[in-house]
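Below is one structure, written out as structure tokens, with a few remarks after it.
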Amino acid sequence: MIDLAFTFYDGWIIMGLPSSATQVRSTESERFAVASVELLERAPFAVIRHDAELVVTGWNEGAAGCFGFSEEEALGRSIAELLFSGDQAEAWRRALADGEPRVFECVKKGGGTLACEWRNQSVAVVAGEGDRSMSWICMGLPVPGQSPRGPTVEERVLSVVLNSLPIAIWAVDKEGTYIFHDGVGVELAGAQRRSWVGQSLWQLWGDHEGARDMLHQVKEAMHEKRSTRAVASAMDRCWESWYVPDLDERGEVQGVITVTLDVTESKRAEGELRTKLELIQRQQRLIQQLSTPIIRVWDGVLTAPLVGVVDSARASELMDNLLGEVSRSGSQYAIIDLTGVDIVDTQTAAYLIDLVRAIRLLGAEAVITGIRATVAQTIISLGVDLSGIPVHTNLRSGLQHCIQQMAREGRPARERAALAPRHSGQ
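Residue numbers (the UniProt record's numbering): 1 to 426.
Encoded structure:
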């Protein structure tokens with residue numbers, strides 16, 4: 001350890017005079033401190049002050065120029081996590097501990113790398129008479145002859161994805177230690193990008209109840225060697241995640257890579273669409289009920305007035321509803337009123353004839369009223385014999401027919417209707 005005298009100025013440790021040198025006047029010392037600060041801040045190479053945990057506490061202009069990170073972006077972050085990736089970070093830590101200059105390829109902001117020779121020096125700081133403390137300064141000098149390598153296509157694509165989309169990508173090794181942690185999605189989740197690198201997944205999230213499913217997905221990807229997918233909510237947002245095992249050339253698991261996409265907006269839109277669809281379906285059911293109403297017009301007499309175009313789907317629905325109501329109410333007559341129908345196709349006409357026959361099988365009689373000329377032509381074209389089916393010009397005439405028929409049977413219509421089974425809603 002070199003024992004030097006230092007002066008503090010604007011948060012920087014200024015290397016100046018040996019402790020055995022002749023004392024200088026206070027004003028000269030201050031001028032020297034100011035000049036030293038300016039020299040360090042303007043140095044063309046990186047001068048980084050850090051604590052014992054390698055957390056940045058000082059970042060000069062040279063460091064910002066070399067690596068692209070501003071002082072605000074660098075302060076408080078680990079140098080190893082900020083400038084190195086994967087195994088390089090651990091190798092850099094070991095090199096600093098050895099004290100030997102070593103060349104490492106550093107990661108620049110936005111992609112690309114820069115080869116630098118790194119030196120680290122621990123120093124004793126004299127802040128006042130008899131007051132000493134420890135600090136560390138590391139310097140990264142770009143290596144002559146090794147020009148910065150621009151980002152590859154893969155690096156540029158990854159950089160655009162991480163910096164433009166609501167996505168977070170993180171990776172852990174087979175021990176569960178974070179080796180990558182970046183993306184706009186990290187900030188959306190309330191964390192700092194790359195802040196989890198070097199930490200243990202199990203220690204960081206083991207006690208969190210809400211992280212149980214995430215930990216299960218990581219374990220499954222590791223043990224089963226297959227990708228998994230999950231959707232979960234956290235930090236008031238919805239996340240869709242894919243957990244992919246990182247396999248080496250022998251097929252052995254080296255870790256898990258996780259891609260997490262913020263799907264909050266799409267899930268919200270999906271929920272809104274589902275709500276609207278349910279509303280539309282309820283409205284359609286109501287419209288269908290109104291389009292084929294079944295009305296009790298007399299004791300023992302039902303009528304189904306049809307209006308508009310009657311297609312096959314509507315005729316089929318009419319058959320289901322009318323037969324069900326005849327069976328539930330025990331009605332003797334069902335009037336099918338076609339006064340409001342201008343046209344039917346041949347298949348629909350066939351449905352109506354089948355409906356008449358089905359009503360007879362239930363022990364009731366079907367009456368058709370209000371047939372128009374166009375509808376009559378369609379029915380005749382089918383070659384159907386309507387001679388056994390009561391047909392009347394309008395609903396009033398058909399209802400009179402039903403009342404008269406029930407009177408001829410010798411039992412008052414109201415009495416017979418009272419004896420017949422009733423639906424609870426009637």
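Built from N, CA and C at the ideal position, the CB exists for glycine as well.
- request: Using DSSP bridges, identify the partner residues of Leu141.
  value: Glu117
task: Measure how close the beta-carbons of Val301 and Ile335 come, nearest whole angstrom, since I'm counting them as under 8 Å.
output: 7 Å
task: Give, in chain order, every unbroken run of the alpha helix (DSSP H) that is at least 4 residues long and sits entirely within the region 285 to 361.
output: Here the runs fully enclosed are 312 to 329, 346 to 361.
field: Candidates Ser241, Gln404, Arg193: closest to residue 463 by CA position
entry: Nothing can be reported for residue 463, as the shown portion of the chain is limited to 1 through 426.
- prompt: Val384 lies in the alpha helix (DSSP H); which residues open and close that run?
  reply: Neither: Val384 is in no alpha helix (DSSP H) and is coded neither H nor E.
- request: To the nearest angstrom, report how far apart Ala74 and Lys267 are at their CA atoms.
  value: 35 Å
query: What's the C-alpha gap between Tyr351 and Leu382?
result: 12 Å
query: Near His401, which residues of its chain fall below 7 Å by C-beta distance, leaving aside the five closest residues on each side in sequence?
result: Val367, Pro390, His392
query: Is Gly363 near the ligand FAD, going by C-beta to nearest heavy atom under 6 Å?
result: Absent from the structure shown: the ligand FAD. Ligands present: none.
message: If I follow the unbroken beta strand (DSSP E) through His181, where does it start and stop?
response: 178 to 182
- prompt: For the beta strand (DSSP E) that Val259 lies in, which residues bound it at each end?
  reply: 253 to 262
- prompt: Under three-state DSSP, which class holds Val197?
  reply: Coil at Val197, not helix or strand.
message: Would you call the region 213 to 232 in contact with the region 178 to 197, where contact means no fewer than 3 C-beta pairs closer than 8 Å?
response: no
- prompt: Does DSSP put Ser266 in a helix, in a strand, or in coil?
  reply: Helix at Ser266.
message: Buried or exposed, going by whether 16 or more other CB atoms sit within 10 Å of the CB of Arg194?
response: Arg194 comes out buried.
task: Assuming Glu240 contacts Leu273 (C-beta within less than 8 Å), just tell me the rounded distance between them.
output: Their Cβ separation, rounded to whole angstroms, is 17 Å, which puts Glu240 and Leu273 out of contact at 8 Å.
- request: Grab me the residues of Ala46's own chain with a C-beta within less than 6 Å of its C-beta, minus the 5 sequence neighbours each way, in chain order.
  value: Gly62, Ala63, Cys66, Gly140
field: For Ala80, the first and last residue of its enclosing alpha helix (DSSP H)
entry: 79 to 83
- prompt: Ser78: buried (16+ other C-beta within 10 angstroms of its C-beta) or exposed?
  reply: buried
query: Applying the criterion that 16 or more other CB atoms from any shown protein chain within 10 Å of the CB defines a buried residue, is Ser329 buried or exposed?
result: buried
field: Helix, strand or coil at Leu54 according to DSSP, with G and I counted as helix
entry: Of the three classes helix, strand and coil, the one that applies to Leu54 here is coil, per DSSP.
- prompt: Over what stretch of residues does the alpha helix (DSSP H) that includes Ala71 continue unbroken?
  reply: Before going on, a small fix: residue 71 reads as Glu here, not Ala. Counting along the chain, the alpha helix (DSSP H) containing Glu71 begins and ends at 71 to 74.
field: Three-way DSSP call (helix, strand, coil) for Glu249 in this model
entry: coil
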